[in-house]
Structures are given as C-alpha cells and as structure tokens.
Amino acid sequence: MRIAVFPGSFDPFTIGHKDIADRALRMFDILIIGIGYNINKPGISGILEDRVKAIEKVFEGNDRIKVEAYSGLTVDFAKRHGAEFIVRGLREVKDFEYERNLADTNAAISDIETVFLTARPDLGFISSSMVRELKANGYDTSRFLPN
Numbered sequence: 001m002r003i004a005v006f007p008g009s010f011d012p013f014t015i016g017h018k019d020i021a022d023r024a025l026r027m028f029d030i031l032i033i034g035i036g037y038n039i040n041k042p043g044i045s046g047i048l049e050d051r052v053k054a055i056e057k058v059f060e061g062n063d064r065i066k067v068e069a070y071s072g073l074t075v076d077f078a079k080r081h082g083a084e085f086i087v088r089g090l091r092e093v094k095d096f097e098y099e100r101n102l103a104d105t106n107a108a109i110s111d112i113e114t115v116f117l118t119a120r121p122d123l124g125f126i127s128s129s130m131v132r133e134l135k136a137n138g139y140d141t142s143r144f145l146p147n
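In terms of the working numbering, the sequence shown has 24 at position 24, counting the first letter as 1, and numbering is strictly consecutive.
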C-alpha cells in the first residue's frame, strides 16, 4: 500500500490544494492530509478541529483520504502513519527552492521521499494568504474554495 502525507496549514484549504490532493490520489493508495501546527500557540485547537472537519467534508465519501492535525516534524507524522512519501505542491520557482531544501533535510533524516506536483496554470496564483486577505477586505472568496 502506497501511503503519502500532504502537509500544510491549509488556512484555508483552497481549490489549488484540492487539485494537488486529487492528483496525488492517482499515484497513492492513501493520502493523509496533515494540518501542521505549533503546540506552543494557544487557542489553536478549536480552529484546527474546524479545518479538519471542513477538509473531511470536501472529501466526504472518499475512504482513501484521511485528515488529521499534528505537531512536530512532518517526517515523524509520516512515519507514525506508515507513509513513505510526502506530497508538496509548487506554485512558483521560489516555492521550489524552499521545498527542495526541506525535502533534502527530510531525506537526510528519514527514508521518506518527497514528491512535487506543480500547480495547474489556472490555479497557480491561488494561495491561502491571498484568500485570507481578500476575505478580510470584504471580497467573496468562494470561487477559490472547494464547495
């Protein structure tokens, strides 16, 4: 069984994230969407529960997707779930430089392979921070979010 972890903060989970998850499912039997958090930040547990529930709703009925919040290193989270792969989405070149360094570090401390999926051209401009900023300024962001 090929198990992969798709980590992120997913604040919010966008249609770009969903596209990466859907495409990863073509390569892996199980995809665990891991919502990473810092346990030293108080008051985040309720927010994380809401994110977990929202993403679970997006993939309702798909038993190949699991959603879970976690703290600590992503490689440790992956090992706990028997995952041999980490999936990362790339939107632009600067993402690659950061992600490659992270992938190299993860490879140095584990046997977990990182798989990069590039954003589709029509979704590459969508980021969680852009969606948050639009929403904070009163714009309808529904077209950037999964149903």
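Ideal placement from N, C-alpha and C gives every residue a C-beta, glycine not left out.
> What separation, rounded to the nearest whole angstrom, lies between the Cα atoms of His17 and Ile32?
Replying inline: Looking at the two C-alpha atoms, the distance is approximately 13 Å.
> Under 8 Å between C-beta atoms, does Thr114 make it to chain B?
Replying inline: In the structure shown, chain B does not exist; there is a single protein chain.
>> Please state the DSSP three-state secondary structure of Ser9.
In response: The answer is coil: DSSP assigns Ser9 none of H, G, I, E or B.
> So, Arg91 versus Ser127, is the Cβ gap smaller than 8 Å?
Replying inline: Cβ distance < 8 Å, so Arg91 and Ser127 count as in contact.
> What whole-angstrom Cβ distance do Ala69 and Ile35 have, given they're in contact under 8 Å?
Replying inline: In this structure, Ala69 and Ile35 form a Cβ contact; the two beta carbons are roughly 4 Å apart against a cut-off of 8 Å.
> Taking just the CA atoms, how far does Val52 sit from Arg2?
Replying inline: Taking the straight line joining both Cα atoms gives about 22 Å.
> To the nearest angstrom, how far is it from the Cα of Arg23 to the Cα of Phe6?
Replying inline: Here the alpha carbon of Arg23 sits roughly 11 Å from the alpha carbon of Phe6.
>> Can you tell me whether Thr105 is buried or exposed? The criterion is at least 16 other CB atoms within 10 Å of its CB, across all chains shown.
In response: Flag for Thr105 reads exposed.
> Using the rule of at least 16 other Cβ atoms within 10 Å of the residue's Cβ for burial, across every protein chain shown, is Ala4 buried or exposed?
Replying inline: So Ala4 ends up on the buried side.
> How would you write the range of the alpha helix (DSSP H) that Tyr139 sits in, first residue to last?
Replying inline: Unbroken run through Tyr139: none, as it is neither H nor E.
> In angstroms, rounded to a whole number, what distance separates the CA positions of Thr141 and Asp11?
Replying inline: Each residue's Cα considered, the two are about 13 Å apart.
> With which residues is Glu68 paired in a DSSP beta bridge?
Replying inline: Gly34, per the DSSP bridge assignment.
>> According to DSSP, simplified to helix, strand and coil, what is Arg143?
In response: DSSP, reduced to helix, strand and coil, places Arg143 within a helical segment of the structure shown.
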